[in-house]
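According to my numbering, the sequence shown is numbered sequentially starting from 33.
These notes are about the structure you will find just below.
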Amino acid sequence: MKLSKYIDHTLLKADASLKAIEKLCDEAKEYDFKSVCVNTCNIPFCKKQLEDSDVLVCCVIGFPLGQMSTEAKVAETKDAIIKGADEVDMVINIGRLKDQDYEYVTDEIRKIKLACGDKTLKVIIETCLLTDEEKVKACECILEAKADFVKTSTGFSTSGATFEDVALLKKTVGDKCQVKAAGGVRSREDFDKMIALGADRIGTSSGTKLIQKGE
33 MKLSKYIDHT LLKADASLKA IEKLCDEAKE YDFKSVCVNT CNIPFCKKQL EDSDVLVCCV
93 IGFPLGQMST EAKVAETKDA IIKGADEVDM VINIGRLKDQ DYEYVTDEIR KIKLACGDKT
153 LKVIIETCLL TDEEKVKACE CILEAKADFV KTSTGFSTSG ATFEDVALLK KTVGDKCQVK
213 AAGGVRSRED FDKMIALGAD RIGTSSGTKL IQKGE
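Okay, here's the thing in structure tokens:
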């Protein structure tokens, strides 16, 4: 696969202006990235900006804390799909996972996957807040709910993706689910190693630095 197609070109900051989002879309088209990853209010704008390209629009749900009710996350997902989202990155309820309420976590993912229809669902587990055992349990919930990806991080917590976490997630899900590494991937060396360890997608705001045009 073309290296640029590993990248979800990301801008999720609270102060992101439409001008900045427009630049994000222009870069995504220029570098032929897989998607732009934005907050839901920017979906219609991005769909318009990207209509003459194959760059997808990815959005985040329950972001960044994951502590909204399941009903709120499902409603947000349905609205995002109506507005044109091609992919959805949701945050699990990390507190419920730590409470070992795996039924709650699995049920929530399953309901959001249903709301996504045939669109791709990536599930953010915020690895920096979890033990290795909890990361494995989160992956098991994701597999049971039949989501498409496990994603390491929001990029808004104490740290982002690590090599160790990507290796662990890949070992746990195997070929049953894909892995997205997000947060802190800023060098080409890290980018290449994440892919070698099994990452199928990289979420980064540094995509233009990681990829040479035409690569």
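Virtual Cβ for every residue (Gly too), placed ideally from N, Cα, C.
Predicted model only: the values in this text are computed from it and were never measured.
Which of helix, strand or coil DSSP assigns to Arg218: DSSP places Arg218 in coil when its eight states are reduced to three.
Cα-Cα separation between Thr204 and Phe65, rounded to whole angstroms: 27 Å
Inter-residue CB distance, Val217 and Val182 (contact presumed, cutoff 8 Å): About 16 Å separates the two Cβ atoms, so there is no contact after all.
Counterpart residues of Val211 in DSSP-defined beta bridges: Residue pairing for Val211: DSSP places it in a beta bridge opposite Val182.
Given Val123 as reference, the closest of Ala52, Asp40, Ala199 and Leu153 once Cα atoms are compared: Leu153
Sufficient close CB pairs (3 or more, under 8 Å) joining the stretch 130-147 to the stretch 186-193: no
Three-state secondary structure (DSSP) of Met100: Annotated three-state conformation of Met100 is coil, per DSSP.
Euclidean distance between Cα positions of Ile141 and Glu54: 31 Å
Span of the alpha helix (DSSP H) around Gly127: Ile126 to Lys130
Beta-carbon spacing of Leu88, Asn71 below 7 Å: no
For Phe95, the nearest candidate out of Glu108, Leu56, Asp84 and Lys130 (CA to CA): Glu108
Rounded straight-line distance, which links the Cα of Asp222 to that of Val211: 15 Å
Own chain residues within Cβ distance below 8 Å of Asp118, not counting five before or after: Only Ser67, Leu88, Val89, Cys90, Lys151 and Thr152 meet the Cβ criterion.
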